[in-house]
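Asker: Pasting in a structure now, in structure tokens, and then I'll have a few things to ask.
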Amino acid sequence: MLGKWKIPIILYLLKNQTMRFSDLQKVLPEISKKMLSKNLKELEEDDLITRTVYPTVPPKVEYSLTEHGKELEDIIDSLHKWGLRHQQHLSKKA
1 MLGKWKIPII LYLLKNQTMR FSDLQKVLPE ISKKMLSKNL KELEEDDLIT RTVYPTVPPK
61 VEYSLTEHGK ELEDIIDSLH KWGLRHQQHL SKKA
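Residue numbers (UniProt numbering): 1 to 94.
Shown next, in the form of structure tokens:
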């Protein structure tokens with residue numbers, strides 16, 4: 001799960017449960033379409049997200065976390081809390 005964008009993608013999917021590609025682009029405007037697509041594909045290959053394609057015109061594609069992906073919530077929350085506790089120390093090093 002290396003990469004700058006995977007945790008933010010997972011966080012938005014934890015918060016919103018299901019999102020379309022364009023929704024993710026709106027909440028992560030700094031990421032390019034190519035990089036977002038690459039990260040979504042890798043998360044799907046790692047069985048952390050599910051890509052659902054609906055047979056409509058134009059095609060509708062939604063992304064959501066798998067049960068495996070949802071298990072990351074506690075881990076990410078712990079990392080966030082650790083960062084808050086050590087924020088002052090870490091900012092002195094930067």
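Backbone N, C-alpha and C fix where the C-beta goes; we use that ideal spot for every residue, glycine too.
1. Could you compute how far the alpha carbon of Lys4 sits from the alpha carbon of Lys34?
2. Rounded C-beta distance between Ile9 and Leu72? I'm assuming under 8 Å.
3. Taking three-plus beta-carbon pairs below 8 Å as touching, is the stretch 28-43 in contact with the stretch 73-81?
4. Alpha carbon to alpha carbon, how far is Ser32 from Glu45? Give it in angstroms, no decimals.
5. Output the boundary residues of the beta strand (DSSP E) element that contains Glu62.
Answerer: Looking at the atomic coordinates:
1. 14 Å
2. The pair is not a contact, with the Cβ atoms about 11 Å apart (cut-off 8 Å).
3. Note that the stretch 28-43 does not touch the stretch 73-81; fewer than 3 beta-carbon pairs, one per stretch, sit closer than 8 Å.
4. 20 Å
5. Lys60 to Leu65
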